[in-house]
Amino acid sequence: MRAPTPSRSTPPAHLSYPTSLRGPGQDPVTLAFGAVLAVSAFVLVVPLAAEGLLRVAWMLFGEGRTREDYFVAARAYELPEGVAATHLALASLLVVAALIFRYFHGRDIQWLVSVQPGWRWRYLVVCLGIALVVLNAVLWASFVLGMPTFGPPQAGWVGFLVVLLVTSPLQAVAEEVFFRGYLLQAIGSASGRAWVGIVVSSLLFAFFHGSQSPALFAHRFLFGMVAGWLVLRTGGLEAGIAAHVINNLFAFGYALFTGGVAATKAVSEITWGKAAFDVGGFAAFALVALWMGRRFNLATTTPGSS
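Heads up: the sequence shown begins at -4 in my numbering, then just goes up one per residue.
Here it is, written out as structure tokens:
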């Protein structure tokens, strides 16, 4: 099979995913500027999108409340529309990453998903099943550190559940495409080293989660590292997306019966034991997902001559 001719829209042959944004017209300065542009867009676009969505929600559902009171309750996830606004605002990162990738770098969007290129749908579905089993098993094992109190669902739980099922996967996919996709590629390609892209994108991922204890920061950073390692070893985003989607759905899903979504949203610290259990769960998932990726014979570098 003849290697594709390198162009601005396609990467050179035999590059790993974290370095696959290299190629004609993609010098280190351009790549670094693209990463800065993406981070700047995150800082500006996500808050503005959330604010706009909350304004619309207040006009539709905020009768009898002042805007200030409504916004405080919504941002604390005391209202399902607050969850929707935050998740949809984060989902805008899909658009940000795609626009920068396509129009700043001139690269076809399919290369943002995997080195195949494009979605490997069967592998994604299988990884969702693996994550469902492994992450839930580890979660229940972690209850030895402190069993949560299960009780009747919180008030309005049906509305929260519908919003979570619709918007939480969008938010998780967007974060993976933005952090483990575009930023990892841009930083890894600018430096020419996959590990630089994995580490820096993981630090940014943890940092942008706001105020948090050292253990919670480490938890999020190490999740990013595991997901980034999976991107390198499987050649695409599918496994990390699966873990992120299942983790978020069940974290908030269980919250409906263990104190409420608002209480889960307000968590800013966890114990080191809890962090270790969760990271161990991500690592166990990663090993199974990698094994399955080898069974699927996934491409892990950009196409070239055989």
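Just so it is clear, CB atoms sit at the ideal spot from N, CA and C, and this is done for glycine as well.
Since the structure is predicted, the reported quantities are computational estimates derived from the model, not experimental observations.
Sequence-distant Cβ neighbours of residue 211 in its own chain, meaning closer than 6 Å and more than five residues away, are 264 and 265. When secondary structure is reduced to three states using DSSP, residue 231 falls in the strand class. Exclusion of the five residues before and after residue 239 leaves 167 and 171 as the residues of its chain whose Cβ lies within less than 6 Å of its Cβ.
In the displayed model, residue 137 falls within a helix according to three-state DSSP. Counting along the chain, the unbroken alpha helix (DSSP H) around residue 42 starts and ends at 23 to 56. Just so you know, the alpha carbons of residue 274 and residue 214 end up roughly 6 Å apart.
254 is the residue among 254, 154, 261 and 15 whose C-alpha sits nearest the C-alpha of residue 146. Take residue 73, set aside five residues on each side of it, and the residues of its chain with a beta-carbon closer than 7 Å to its own are 257, in chain order.
For residue 108, no alpha helix (DSSP H) run applies, since DSSP gives it neither H nor E.
In the three-state DSSP reduction, residue 11 falls in the strand class (E or B). For residue 78, the enclosing alpha helix (DSSP H) covers residues 75 to 94. If you look at residue 65, you'll find it in the alpha helix (DSSP H) that goes 62 to 70. Just so you know, the alpha carbons of residue 47 and residue 87 end up roughly 12 Å apart. Inter-residue distance for residue 50 and residue 42 is about 12 Å (C-alpha atoms, whole angstroms). Cβ-Cβ distances below 8 Å link residue 95 to 29, 32, 33, 36 and 177 in the same chain, with the five nearest sequence neighbours on each side left out; the list follows chain order. The segment 190 to 201 and the segment 101 to 118 do not touch, with fewer than three beta-carbon pairs separated by less than 8 Å.
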